[in-house]
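Q: FYI, the numbering for the sequence shown is 4 to 204, going by my numbering. The beta-carbon is built from N, C-alpha and C at its ideal position, and this holds for glycine as well. This one's a predicted model, so the numbers in the text were calculated from it and none came from an experiment. Here it is, the structure in full.
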Amino acid sequence: MPGREVQKMLKTRSLDCLMPYVRHLALRLREECAKVGIPLGFANTLRDKEYQEWCKKNGKSATAELGPHAFGLAFDVFINRKGSEYDMELLRRVGAIGKELGLSWAGDWKSFREYVHFEYTGGLTAADLRAGKRAELPAVPEELPAAVPMCIRHPGGELTGYAVDGVTYVPLRSLCEALGFSVLWDAARPNEAEVKPACTP
Ligand SMILES: [Zn+2]
4 MPGREVQKML KTRSLDCLMP YVRHLALRLR EECAKVGIPL GFANTLRDKE
54 YQEWCKKNGK SATAELGPHA FGLAFDVFIN RKGSEYDMEL LRRVGAIGKE
104 LGLSWAGDWK SFREYVHFEY TGGLTAADLR AGKRAELPAV PEELPAAVPM
154 CIRHPGGELT GYAVDGVTYV PLRSLCEALG FSVLWDAARP NEAEVKPACT
204 P
């Protein structure tokens, strides 16, 4: 029964099945696409041998051999907008963004061009991977929230602060002194500070 056969195959769209660095690139791709108004979805990440053979049989892959999808190094995307899922113009733009992030985009490939497929194999070929070679992938950069510089005007002038996740951070002493307060800090207790009205002589 074909239905049963399908159930045996592993096919998932979960990014958690990808190698951490490739997952990071997939998330970065979605983030960068969102910035230019392209909603990105993920259709296919990890697949097993059975599913790869089914792909070959159904013209969805050039080969029945295991490729980067079987090793958590590839993912397929779609445009997450009804009716535009495979809009070539948009997919080309996604491809260009992906390449800037360091991904290999199959829309550029000479044979079996595939506009939805991205991979990062660390320079290894599918044959290398099947032979047991494993790519040394970069570490996932720690994700810090963006600090956005802000100009803060106050009665004594202005200074530069930073907005991080909706909270504004300012150089405490500069601001306090400009507002007539002083900041007390004691080297013996380096993790504490106290703001007091400035003493008048
Ligand atoms: Zn693919």
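What is the DSSP secondary structure of P23, reduced to helix, strand or coil?
A: helix
Q: According to DSSP, is G110 helix, strand or coil?
A: helix
Q: Going by DSSP, what residue range makes up the alpha helix (DSSP H) through V97?
A: Looking at the DSSP string, the run of the alpha helix (DSSP H) that includes V97 is 91-103.
Q: Under 8 Å: do the segment 34-45 and the segment 76-88 share three or more Cβ pairs, one atom per stretch?
A: yes
Q: Would you kindly report the start and end of the unbroken alpha helix (DSSP H) that includes E180?
A: Note, E180: alpha helix (DSSP H), 175-181.
Q: Should A67 go down as buried or exposed, given a rule of 16 or more other Cβ atoms within 10 Å for buried?
A: exposed
Q: What would DSSP say about L187, mapped onto helix, strand or coil?
A: strand
Q: What separation, rounded to the nearest whole angstrom, lies between the Cα atoms of P71 and E197?
A: Cα-Cα distance, rounded: 57 Å.
Q: For Q10, collect the residues of the same chain with a Cβ closer than 8 Å to its Cβ; drop the 5 residues on either side in sequence, then sort them by chain order.
A: Residue confidence for Q10 is low, a pLDDT of 49 falling below 50, so the modelled location carries little weight; the figure read from the coordinates is stated next. Annotation for Q10: no residue places its beta carbon closer than 8 Å to its own, counting only its chain and skipping 5 residues before and after.
Q: Indicate whether A37 and F78 have their beta-carbon atoms separated by less than 7 Å.
A: The beta carbons of A37 and F78 sit no closer together than 7 Å.
Q: Should the segment 148-157 be regarded as contacting the segment 165-172, the criterion being three or more beta carbon pairs within less than 8 Å?
A: yes
Q: Which of helix, strand or coil does DSSP assign to P71?
A: helix
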